[in-house]
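Structure first, then comments.
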Amino acid sequence: MSGILDIVYAEYNYWIYVTLMMIGFYAMIAKKNLIKKIIGANIFQTAIFLFYISLADVTKGTAPILVGGHGAEHAEHAADVIYTNPVPHCLILTAIVVAVSTTAVALALIIRIYNEYGSIEEDVILAARKELQPEFSEHARQRGVAEVSEQ
Amino acid sequence: MTGFELIATHLPILTVVVPLIAGFLTPIVGWIDRRLPWYWVMLAMFVVLLIAGNNLVTVINSGTIQYKLGGWDPPFGIEYVIDLLNGFVCLIIAFIAFMVSIYSKESVKKEVPGKTTPFYSVFLLLITGLMGMTITGDIFNFYVFLEISSLTAYALIAMGDRGDGVVASFNYLIMGTVAASFILLGIGYLYAVTGTLNMADMQNLLPSIYQNKVVLAALAFFMVGFSIKVGLFPLHAWLPDAYTHAPSTASALIAGLMTKVGAYAMIRFMFGVFTPDFVITTTGMTNILAWAAALAIIVGSVLAIAQSDIKRMLAYSSISQIGYILLGVGLANMIGMEGGLLHVLNHALMKCALFLVAGAIFYKTGIRNLYQFKGLGKKMPVTTTVFMIAALSMIGVPGTVGFTSKWYLALGSVDAGQWIFVFVILLSSLLNIVYFWRVFDNIWFGHPHEIEHIKKDEAPLTMLAPMVILALLCVFFGLFAYYPVHYVIEPLSVELLKLGGMP
Chain A
15 MSGILDIVYA
25 EYNYWIYVTL
35 MMIGFYAMIA
45 KKNLIKKIIG
55 ANIFQTAIFL
65 FYISLADVTK
75 GTAPILVGGH
85 GAEHAEHAAD
95 VIYTNPVPHC
105 LILTAIVVAV
115 STTAVALALI
125 IRIYNEYGSI
135 EEDVILAARK
145 ELQPEFSEHA
155 RQRGVAEVSE
165 Q
Chain B
179 MTGFELIATH
189 LPILTVVVPL
199 IAGFLTPIVG
209 WIDRRLPWYW
219 VMLAMFVVLL
229 IAGNNLVTVI
239 NSGTIQYKLG
249 GWDPPFGIEY
259 VIDLLNGFVC
269 LIIAFIAFMV
279 SIYSKESVKK
289 EVPGKTTPFY
299 SVFLLLITGL
309 MGMTITGDIF
319 NFYVFLEISS
329 LTAYALIAMG
339 DRGDGVVASF
349 NYLIMGTVAA
359 SFILLGIGYL
369 YAVTGTLNMA
379 DMQNLLPSIY
389 QNKVVLAALA
399 FFMVGFSIKV
409 GLFPLHAWLP
419 DAYTHAPSTA
429 SALIAGLMTK
439 VGAYAMIRFM
449 FGVFTPDFVI
459 TTTGMTNILA
469 WAAALAIIVG
479 SVLAIAQSDI
489 KRMLAYSSIS
499 QIGYILLGVG
509 LANMIGMEGG
519 LLHVLNHALM
529 KCALFLVAGA
539 IFYKTGIRNL
549 YQFKGLGKKM
559 PVTTTVFMIA
569 ALSMIGVPGT
579 VGFTSKWYLA
589 LGSVDAGQWI
599 FVFVILLSSL
609 LNIVYFWRVF
619 DNIWFGHPHE
629 IEHIKKDEAP
639 LTMLAPMVIL
649 ALLCVFFGLF
659 AYYPVHYVIE
669 PLSVELLKLG
679 GMP
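Taken in order, these protein sequences are the chains called A and B. Per the numbering used here, the very first residue in the first sequence carries number 15; after that it's consecutive. Per the numbering used here, the very first residue in the second sequence carries number 179; after that it's consecutive.
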C-alpha cells in the first residue's frame, strides 16, 4: 500500500493534473448544460497549464530574473544561481490568452443560442430544433426518403 | 539594399503578416465605405497568392527557405521553414482563398446582411491562422495559429443559418477545444523530454528516446487531436453540421482548406517531428491510420447517400475524401504518398467548386434540397455544368483530377500488397456515383410541374468566374497531372519518406 502512495507522492503534480483534466473532460462530454460544458473546458485547459507550470519547476530554483546582472562585481555569484525554466511560463501565458478567447467566443455563442431557443439545456435545444425542422427534410420525408437520424 | 530586396528577404513571414494586418484594417476600410471590404480582401488575397507562388518557385529552384523571426537563431527563436510540403499547401490555401474571396461578394451580401465587414475581417484572420499553421517550424507557434484558425472558423460558422449555425458552431467549439488541448498536451510532453520547440531540432533529438513512453503518449495525443481536426471517422461528429449551416462562402473556404491544413499538420508531425521509421515500423501508426481512413472512406460515402440537403451530402463526402488523403499517407510508400498529397490539391479544387455551386444555387433559388433541383439544368446551365465536372472528378472519371489521385492510391495499395484498399477505393467510387447521380438526375432529367416558367437565370459573374476557373483546373490537372507530380509531389514524397538518402 505504501508503495502506491510513494509513487503518487513522488509525482503528485502529475496526478493532480491528470485528475483535474479528467474532471474537465467528463464535464465537457457528460454535462447537458452548455455553461457547465464551458466550465469543463476551462478546467481541462487549466489542468494542462498546471502540467506545464509544474514542468518548469527546478528544485531550489529561483525566479528567472538575472541575479547580479547589473555589475561586473556580482558576476561571479551569478553562475551559482539556479533558475526555474521560464519557457513553459511564457508558453502558458500565450495559452491562457487563447483559452480566454475560446471562453469568450463560447459564451457569446451561448448567448445567441439562448436568444434563439430560450434555454441553455442541451435536451431542450435538441427538442426545439426537432420542432423547427427546416422545410427540406420535410420534403424528403414526403418522398419517402429515409432521413438517417443525426447524432 | 533596395526596397524590393528588403521585401524579398521577408517574403516568408509576409504570407502571414499581410492577411493579419489586412484583417485588422478591414473594419476601418468598411467604415469608409461598406462596399470596399470586398475589394480589400481580394487585393490582400491576391498579394498573398503572389507571395505564396513566389515562395514555392524559390523552394523548387533553390531549396528550403528558412526565416528567423527577429533574427533569433533556431532552436531558441521561432523559425519559419518553407519546404516543398508547406510551400505547396500555402499556394493551395492562397489560391482557394483568392477564388472564394472573388465569389463572396454577392453571397455574403445576401447571407450575412449587415455583417459583411466583420465577415471579411474574420475571413482574413482565418487565412492568417491557416497560413501560420502551415508555414511555421515551431511547434508551439503552430498551436497558437491552430487556435487562431479554429476561433475564426467558429465565428464564421456561427454567422450561418439562424440557430442551427450557432449550435453547430458551439459543438465544433467543444470538439475543437478538446482537439487543441490534446495537441497542446502532446507539445508539452515532447517539450518535457527534449527541451526544444523547434520541429527540426526535435526530430534530431527524438530518435534516441523513442523507447520513452512519454514520446508514445505524445504521438497518441497528436494523432487523436488531428483526427478530430480533420474530421476522421469516428471523430467527425462536428463536421456535417458545421459545413451545412455555415454561410456558403465560409462553407467553401472551410471545406476546401481547414481539413486540408489539418491533414498537412498530421503529415508534418508524423514525418517532420517524428521520423518515418518511428511512425511506420516502430509504432505502426501509419497502418492504423490507413485502416481508419479506409473505414472513413466507406462510411462517409454511405452516409452521403442518405442526405437530401446538398451541403450536408457534400460534407459527408468530405469525410470520405479526407479518408483518401490519409489512406495515401497511411500506406507510407512512395506511390501511395504521392496519391495522398496529390489529393490534397485535388480535393481542395473539387470540394471548393462543389460548395461554391451549392452556394450559387442557394443564392439564386433559396433551395438546398437536392430533390427540388428539378429543371435547374435549364435555369442555371453554367453552374450546373461546373457541378457536373467537379462531381465527375469526385467520382474519378479519367481526364479529371479525381482520377489521377485515385489511380495513384490504387497503385500504392497494390504496391503495399493491401488489395483490400483497392477494393475500398473502387467501392467508394461506385457509392460516389450513387450519391452524385441523384443530383444529376434531378438537375437534368427532373420535370417540375412549372417547367414552362423556367427561364435562364444564371448566377452573377463574380460567382461564376471562380467556379468556372476551379472546374477548368479540375480538368487541366486531370490531363496534365505531370506538372504538380513532377515538380512538387515526387520530390516531396521522397523527402518525407527519407528515401533519397537524405541525412
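C-beta atoms are modelled at their ideal positions from N, C-alpha and C, and glycine is treated no differently.
request  = Rounded to whole angstroms, what's the CA-CA distance from Ala538 (chain B) to Gly555 (chain B)? Just pull it up for me.
outcome  = 13 angstroms
task = Using the Cα positions of Ala536 (chain B) and Gly364 (chain B), report the straight-line distance between them to the nearest angstrom.
result = Answer to the nearest angstrom: the Cα atoms are 38 angstroms apart.
ask   = DSSP three-state call for Asn511 (chain B): helix, strand or coil?
value = coil
message = Quick check on this structure: which residue in B:Leu642, B:Ala510, B:Phe348, B:Lys584 has the alpha carbon closest to the alpha carbon of Phe456 (chain B)?
response = Among B:Leu642, B:Ala510, B:Phe348, B:Lys584, the Cα nearest to that of Phe456 (chain B) belongs to B:Ala510.
request  = Flag Met36 (chain A) as yes if its beta-carbon sits less than 9 angstroms from any beta-carbon of chain B, otherwise no.
outcome  = It does not; no Cβ of chain B falls within 9 angstroms.
Contacting positions in the stretch 94-115 of chain A - beta carbon closer than 8 angstroms to chain B = Val101, Pro102, Leu105, Thr108, Ala109, Val112, Ser115
message = Against chain A, does Leu375 (chain B) count as a neighbour if the rule is that its beta carbon must be under 9 angstroms from one of theirs?
response = Put simply, the CB of Leu375 (chain B) is near chain A, with a gap under 9 angstroms to one of its CB atoms.
Entirely enclosed alpha helix (DSSP H) segments - the stretch 324-358 of chain B, minimum 4 residues = Counting whole runs of 4 or more residues, the stretch 324-358 of chain B contains no alpha helix (DSSP H) stretch at all.
task = Select from B:Phe618, B:Ala186, B:Tyr388, B:Leu639 the residue whose C-alpha is nearest the C-alpha of Tyr367 (chain B).
result = B:Tyr388
request  = Could you check which residue in B:Met377, B:Trp622, B:Lys542 has the C-alpha nearest to that of Lys288 (chain B)?
outcome  = B:Lys542
query = In whole angstroms, what is the alpha-carbon distance linking Ser151 (chain A) and Phe614 (chain B)?
reply = Note that Ser151 (chain A) has pLDDT 47, beneath the 50 cutoff, so the model's placement of it is unreliable and the number below is only indicative. Spanning the two alpha carbons is a distance of roughly 18 angstroms.
inquiry  = From the DSSP secondary-structure annotation, give me the bridge partner or partners of Lys246 (chain B).
reply    = B:Glu257
Sequence-distant residues of its chain with Cβ nearer than 6 angstroms to Lys676 (chain B) (five each side left out) = Cβ within range, chain order: Pro454.
ask   = Using a beta-carbon distance cut-off of less than 7 angstroms, what residues from the stretch 300-329 of chain B approach chain A?
value = Correct list: Phe318, Val322, Glu325, Leu329.
key: Own chain, CB closer than 7 angstroms to Pro418 (chain B), minus 5 neighbours either side, in chain order   = Arg490, Ala493, Tyr494
ask   = Between Arg213 (chain B) and chain A, is there a C-beta pair that is closer than 9 angstroms?
value = no
key: Beta-carbon spacing of Gly518 (chain B), Ser583 (chain B) below 9 angstroms   = Yes.
task = Under 6 angstroms Cβ to Cβ from Gly508 (chain B), same chain only, skipping five residues before and after it: list those, please.
result = If we look at Gly508 (chain B) and ignore the five residues flanking it on each side, its Cβ neighbours are Thr464, Leu467, Ala468, Ala471.
message = Quick check on the DSSP output: the alpha helix (DSSP H) that includes Asn664 (chain B) runs from which residue to which?
response = First, the residue type needs correcting, since residue 664 (chain B) is His and not Asn in the sequence shown. Segment: none, His664 (chain B) is in no alpha helix (DSSP H) and carries neither H nor E.
Cross-chain neighbours of Phe348 (chain B) in chain A, by beta carbon under 8 angstroms = Leu48, Ala120, Leu123, Ile124, Ile127
Under 8 angstroms from the C-beta of Arg340 (chain B): neighbouring residues of chain A = Glu130
task = Spatial neighbours of Ser606 (chain B) within its chain, please: CB distance less than 7 angstroms, with the 5 preceding and 5 following residues excluded, ordered by chain position.
result = Ile475, Ile476, Ser479, Ser498
ask   = Any idea which residues DSSP pairs Asn547 (chain B) with across the strands?
value = BP columns for Asn547 (chain B) point to B:Asp487.
request  = On a CA-only basis, which of A:Pro78, A:Tyr40, A:Glu136, A:Tyr66 is nearest Ile57 (chain A)? Give me that one, please.
outcome  = Closest in alpha carbon position to Ile57 (chain A), among A:Pro78, A:Tyr40, A:Glu136, A:Tyr66, is A:Tyr40.
inquiry  = By DSSP's criteria, Glu135 (chain A) is part of a beta bridge. Which residues make up the other side?
reply    = A:Asn47
ask   = Relative to the alpha-carbon of Arg340 (chain B), which residue among B:Leu329, B:Thr242, B:His423, B:Cys268 has its alpha-carbon at the smallest distance?
value = Per the Cα distances, B:His423.
query = Can you list the residues of chain B that Ala41 (chain A) reaches, using a CB-CB cut of under 8 angstroms?
reply = Result: empty, since nearest Cβ-Cβ is about 11 angstroms, beyond 8 angstroms.
query = Taking C-alpha atoms, which residue in B:Leu570, B:Ser328, B:Glu284, B:Leu534 lies nearest to Val356 (chain B)?
reply = B:Ser328
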